[in-house]
Amino acid sequence: MIRKEIIIKEVLVFKSYSVQFAIPLKFIDKVIAAQEINPVDNSSYFIKGVIDIQGEIIPVLSLRARFKLPDKDISIDDKLVIINFNNARVALVAEESCDIITFPNEEIKEIKTIFNGLSSVKLVNGKAGIIYIYDPDTFLSKDESIEITSVIAKISQSRAV
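All residue numbers for the sequence shown refer to the numbering used here, where the first residue is 64 and numbers rise by one.
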């Protein structure tokens, strides 16, 4: 008898504008309470600003803005999901529930993207509804990744002066 290996996927699930997003757990650094965000001049529409965590500059990205959903100000009830992304860290604004969910790999479906600018998206239709799973490495375009790296470098450089 041939046994089929079941691969379990662990993701952190959170909501933004009632849409359930998930990031594979291997990319998650930590989840922190929302805090004051310092705006950055001349940055893309989805970069809310930056935060300083123990001397490290971390850009804060709005999923609402990134996917052209109605924008809202960050509230004290929101969370910031710090993810490792292309040799840097960024924070994603999470408005509701940060839960770790596991499910078998065969429940994951590859779909055509429904949000602007995403090359790859997967979903799982679980008990809690549809969850969109994103790989941070494909989350931003090459130009957007370069911009984020440049924002970090510019602010870090201005602090060193």
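Built from N, CA and C at the ideal position, the CB exists for glycine as well.
Go through its chain and collect everything with a Cβ distance to residue i's Cβ below 7 Å, but skip five positions before and after it.
i, result
"I91", "L75, V144, I146"
"F109", "L124, S125, A128, R129"
"D206", "none"
"K93", "I145"
"S107", "E207, E210"
"I215", "I120, P122, A151"
Using a Cβ-Cβ cutoff of less than 8 Å, which residues in the same chain neighbour residue i once the five nearest sequence positions on both sides are dropped?
i, result
"I270", "The question about residue 270 has no answer here: the residues shown for the chain are numbered 64 through 224."
"R66", "With a pLDDT of 48 at R66, under the threshold of 50, the predicted position of this residue should be treated as unreliable, and no value is reported."
"S160", "V76, F77, K78"
Measuring alpha carbon to alpha carbon, tell me which residue in the options is nearest residue i.
i, options, result
"S208", "I116, V153, K131, Y80", "V153"
"N213", "A97, N150, P133", "According to the sequence provided, residue 213 is Ser. The question's Asn does not apply to it. Nearest of A97, N150, P133 to S213, Cα basis: N150."
"I139", "P133, S81, V156", "V156"
"Q220", "K172, G118, K89, V82", "G118"
"E73", "P102, S160, D104, I171", "I171"
Taking 6 Å as the limit between beta carbons, can you name the residues of its chain near residue i, skipping five residues before and five after?
i, result
"M64", "The predicted model places M64 with a pLDDT of 46, which falls under 50 and marks its position as unreliable; any figure quoted below should be read in that light. Excluding residues within five positions, none has a Cβ falling inside 6 Å."
"Y80", "R127, L132"
"P102", "G112"
Can you give me the start and stop residues for the alpha helix (DSSP H) that residue i sits inside?
i, result
"D200", "199-202"
"L126", "126-129"
Would the beta-carbon of residue i fall within 7 Å of that of residue j?
i, j, result
"E158", "K78", "yes"
"S218", "I95", "This sequence places Ile at residue 218; Ser is not what is there. No. Outside cutoff."
"V187", "F166", "yes"
"I196", "A85", "yes"
"E97", "D141", "Checking the sequence, you will find Ala at residue 97 rather than Glu. Taking 7 Å as the Cβ cut-off, A97 and D141 qualify as a contacting pair."
"F148", "P199", "yes"
With residue i as the anchor, note down where its beta strand (DSSP E) starts and where it stops.
i, result
"Y195", "192-196"
"E159", "159-167"
"V94", "91-96"
"L143", "142-148"
"K234", "Residue 234 is absent from the structure shown; the chain starts at 64 and stops at 224."
"P87", "82-87"
"K172", "172-174"
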